[in-house]
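**Student:** The following block contains the structure, expressed as structure tokens.
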Amino acid sequence: TLFWLTLVHPGLALAQAPEPETPPHILFIIGDDHGWPNSGFMGDPIVQTPELDLLAAQGTVFDYGYATASVCAPSLQTLLTGLHPHQWILQKNQVEAEIGTTIPRGFEVAYFEDTLPRRLFELGYRSFQAGKHWEGTYDMAGFDAGTAETFTGQFLASGRFFGRPDPIDPLWDFIDTSSGEPLLLWLAPMLPHVPFDPPDQLKALYEGQGLDGNAVLYYANITRLDALIGDILGGFSDRGMLENTLIIYLSDNGWEQEPHTSHWAGGLIGGAKGKLSIYELGFRTPIIFRWPGHVPEGRVLNDLVSFEDVHATILDYAGAPGADESPGFSLRPRIEESTNVPVRETIAGVMDGQRTREEEFDLHPGTGLGRYTTGERATFIRTPEWRYLAYPDRGESLLYKIDEDPFEVFELSPTFPDVASALDGAMQDWLETYLAVPEPSSGLLGSTVVLIFALRRRWKRLRT
């Protein structure tokens, strides 16, 4: 190793030290409600995604990526901070209980955390945010510029969305006024998310095939996202930036949409096993990495990968000191083929108070309002072979042979009770590690900011 050479012969070590690598631009494209089966490169025979297919062919795909929640805001928090969302929720709840007041929505993560843009700023990066961003205005999360200009839940001052239908000119303005610094570009264009309002020419691609009406609109919105990605990559090509840009694509959470079945009703979330559920379709997303000469082309890895690992990987490629202290694990050794050992053996998750069961709970019959909400906790743990779900409030559990049953149809816990028991024990260990609330120092309670910073540092020491 270099350290051993330094001890033996400092001059030799100095002579053989490699030149520092120029840090890449990082283009982070985040789909919204893009179900894992619904891309050409994932085997979908209907949905047309030529740009994503090409991106996947030119890079490495982890086809078993997992959001840390099956809904956007908490999973985006993980991508920004590397923390599991429930770590911060429990931490925030405890702080509020002790100080006797509520921390305003949006400030709890963005304002008091070492977010990606803040970490990379220390390395000379400039950063830009566009599209969905639930953590207040762009500067609250540490971005230098962006389109989240108000604190009202709108993503542009106009209340419209980046790239939908507004042009993507703010991205080019930011890039073209930069002065050669490495750039972090967070683009989350809220597609194929509702409203399902694709242009007529994209709807025409799916009409006349006997598809469900919602499937036509959803699939067309995916192709709309794909076309927008093509426009972005074309702009990078025109500027000669593709060769030194690490491109990452994933979806913030999953979705369920079969070709001939409607899974969306009442203007709310659709799919009994999709977004906001505890099932695989709600959490899983393929993750694409592309960087010519650095990321192997045409590679597909079946590793289980968390959004925490994506955060750690970005820090690693950017050269952030202490990247290995992130709660996640860098995927760079797997991407660059320096190891054949996956970073994880299991993936686990928890959802509280959301649509945690397959059944529909229609609290307002005939309106679609209040459907699916049960107000209970659901948890899961997944290995390459099995997926185990538990509803602790009811003492119920489910077991699926996920490598053979990816849509979780055949429940097998009565047939394999020992497997269910072992996975339940492993899940309880994970919950104790990730969801334990640290004890704050009583002397810090006079300052919310100081207390939050102290608790944050304790969470960052937790590892899977």
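Read in the working numbering, the sequence shown has 751 at position 91, and its numbers run on one by one without any break. C-beta atoms are modelled at their ideal positions from N, C-alpha and C, and glycine is treated no differently.
Is residue 690 buried or exposed, if buried means 16 or more other CB atoms sit within 10 Å of its CB?
**Tutor:** On the sequence shown, residue 690 is found 30 positions in, with the first residue counted as 1. That one is buried.
**Student:** If we require 3 or more residues per run, which beta strand (DSSP E) segments fall completely within the stretch 847-924?
**Tutor:** Qualifying beta strand (DSSP E) stretches, in chain order: 905-911.
**Student:** Can you name the residues that DSSP bridges to residue 1093?
**Tutor:** Here the question's residue 1093 lines up with position 433 in the sequence shown. DSSP, once it has assigned bridges, lists no residue as partnering residue 1093.
**Student:** Considering only residues of the stretch 725-759, which uninterrupted alpha helix (DSSP H) runs meet the minimum length of 4 residues and lie entirely inside it, listed in chain order?
**Tutor:** You should have 732-741, 745-759.
**Student:** For the alpha helix (DSSP H) containing residue 690, list its first residue and its last residue.
**Tutor:** What you label residue 690 is simply residue 30 of the sequence shown in a count that begins at 1. From DSSP, residue 690 is part of no alpha helix (DSSP H) but of the beta strand (DSSP E) over 685-691.
**Student:** Is residue 723 helix, strand or coil by DSSP?
**Tutor:** Position 63 of the sequence shown holds residue 723. Residue 723 falls in the strand class under three-state DSSP.
**Student:** With a Cβ-Cβ cutoff of 8 Å, do residue 911 and residue 883 count as a contact?
**Tutor:** Along the sequence shown, read from residue 1 onward, the residue named residue 911 stands at position 251. Along the sequence shown, read from residue 1 onward, the residue named residue 883 stands at position 223. It is not a contact, given that the beta carbons lie outside the stated cut-off.
**Student:** Does the contact criterion of 3 or more C-beta pairs under 8 Å hold for the stretch 717-727 versus the stretch 952-970?
**Tutor:** With the cut-off at 8 Å, the stretch 717-727 and the stretch 952-970 touch.
**Student:** Please report the distance separating the alpha-carbon of residue 744 from that of residue 776.
**Tutor:** Taking the sequence shown and counting its residues from 1, the one referred to as residue 744 is at position 84. Taking the sequence shown and counting its residues from 1, the one referred to as residue 776 is at position 116. Near 15 Å, if we compare the C-alpha coordinates of residue 776 and residue 744.
**Student:** Rounded to whole angstroms, how far is the Cβ of residue 851 from the Cβ of residue 885, which I believe are closer than 8 Å?
**Tutor:** The count along the sequence shown starts at 1 and reaches residue 851 at position 191. The count along the sequence shown starts at 1 and reaches residue 885 at position 225. Sure, about 4 Å apart at Cβ, within 8 Å.
**Student:** Is there contact between the stretch 889-898 and the stretch 865-876, where contact requires at least three CB pairs shorter than 8 Å?
**Tutor:** The stretch 889-898 vs the stretch 865-876: no contact.
**Student:** What residue range does the alpha helix (DSSP H) around residue 788 cover?
**Tutor:** Residue 788 sits at position 128 when you count from the first residue of the sequence shown. Here residue 788 belongs to no alpha helix (DSSP H); instead the beta strand (DSSP E) covers 786-791.
**Student:** What number of angstroms, rounded off, separates the C-alpha of residue 979 from the C-alpha of residue 1055?
**Tutor:** If you number the sequence shown from 1, residue 979 lands on position 319. If you number the sequence shown from 1, residue 1055 lands on position 395. C-alpha separation (whole angstroms): 46 Å.
**Student:** So, with DSSP's three-state summary, where would you put residue 807?
**Tutor:** Within the sequence shown, numbered from 1, the residue matching residue 807 stands at position 147. If DSSP states are grouped into helix, strand and coil, residue 807 belongs with coil.
**Student:** Considering only residues of the same chain and omitting the five flanking positions on each side of residue 753, which have a CB-CB separation below 6 Å?
**Tutor:** Here residue 753 is taken as the residue at index 93 of the sequence shown, counted from 1. Answer for residue 753: no residue qualifies.
**Student:** Buried or exposed for residue 1137, please, with buried defined as at least 16 other CB atoms from any protein chain shown within 10 angstroms of its CB.
**Tutor:** There is no way to answer for residue 1137, as the model of the chain reaches only from 661 to 1124.
**Student:** Taking the DSSP output, what are the residues bridged to residue 1062?
**Tutor:** One-based indexing of the sequence shown puts residue 1062 at position 402. Residue 1062 is not bridged to any residue.
**Student:** My understanding is that residue 1041 touches residue 1006, with C-beta atoms under 8 Å, so please give their C-beta distance in whole angstroms.
**Tutor:** The residue labelled residue 1041 in the question sits at position 381 within the sequence shown. The residue labelled residue 1006 in the question sits at position 346 within the sequence shown. Confirmed, about 6 Å.
**Student:** Can you find the residues in the same chain that come closer than 8 Å, C-beta to C-beta, to residue 1102, ignoring five residues on each side of it along the sequence?
**Tutor:** For the purposes of this step, residue 1102 is taken as residue 442 along the sequence shown, with counting starting at 1. Caution is warranted here: a pLDDT of 34 is assigned to residue 1102, below 50, making its placement in the model unreliable, and no coordinate value can be reported.
**Student:** What does a CB cutoff of less than 6 Å around residue 1038 pick up in its chain, not counting 5 residues either side in sequence?
**Tutor:** Stepping through the sequence shown from its first residue, residue 1038 is reached at position 378. So the qualifying residues of the chain are 938, 1011, 1016, 1051.
**Student:** Can you give me the Cβ contacts of residue 1067 inside the same chain, cut-off strictly under 8 Å, excluding the 5 residues immediately before and after it?
**Tutor:** The sequence position of residue 1067 within the sequence shown is 407, counting from 1. The answer, listed in chain order, is 933, 940, 941.
**Student:** Please name the residue, chosen from 836, 782, 1093, 1084, that lies closest to residue 900 on a Cα-to-Cα basis.
**Tutor:** Reading the sequence shown from its first residue, position 240 is the one you call residue 900. With distances taken between Cα atoms, residue 900 lies closest to 836.
**Student:** In angstroms with no decimal places, state the Cα-to-Cα distance between residue 806 and residue 712.
**Tutor:** Residue mapping note: residue 806 aligns to position 146 of the sequence shown, counting from 1. Residue mapping note: residue 712 aligns to position 52 of the sequence shown, counting from 1. Between residue 806 and residue 712, the C-alpha separation is close to 24 Å.
**Student:** Using 8 Å as the threshold, is the C-beta distance between residue 949 and residue 889 below it?
**Tutor:** Residue mapping note: residue 949 aligns to position 289 of the sequence shown, counting from 1. Residue mapping note: residue 889 aligns to position 229 of the sequence shown, counting from 1. No; because the gap between Cβ atoms is not below 8 Å, this pair is not in contact.
**Student:** Residue 733 to residue 909, Cα distance in whole Å?
**Tutor:** The count along the sequence shown starts at 1 and reaches residue 733 at position 73. The count along the sequence shown starts at 1 and reaches residue 909 at position 249. One C-alpha to the other measures close to 17 Å.
**Student:** DSSP three-state call for residue 1081: helix, strand or coil?
**Tutor:** What you label residue 1081 is simply residue 421 of the sequence shown in a count that begins at 1. Residue 1081: helix per DSSP, three-state reduction.
**Student:** Can you give me the C-alpha to C-alpha distance between residue 843 and residue 787, rounded to a whole angstrom?
**Tutor:** In the sequence shown, residue 843 corresponds to position 183, counting from 1. In the sequence shown, residue 787 corresponds to position 127, counting from 1. Roughly 6 Å between the two C-alpha positions.
**Student:** Which two residues bound the contiguous beta strand (DSSP E) that contains residue 963?
**Tutor:** Numbered from its first residue, the sequence shown carries residue 963 at position 303. Where residue 963 is concerned, the enclosing beta strand (DSSP E) stretches over 959-966.
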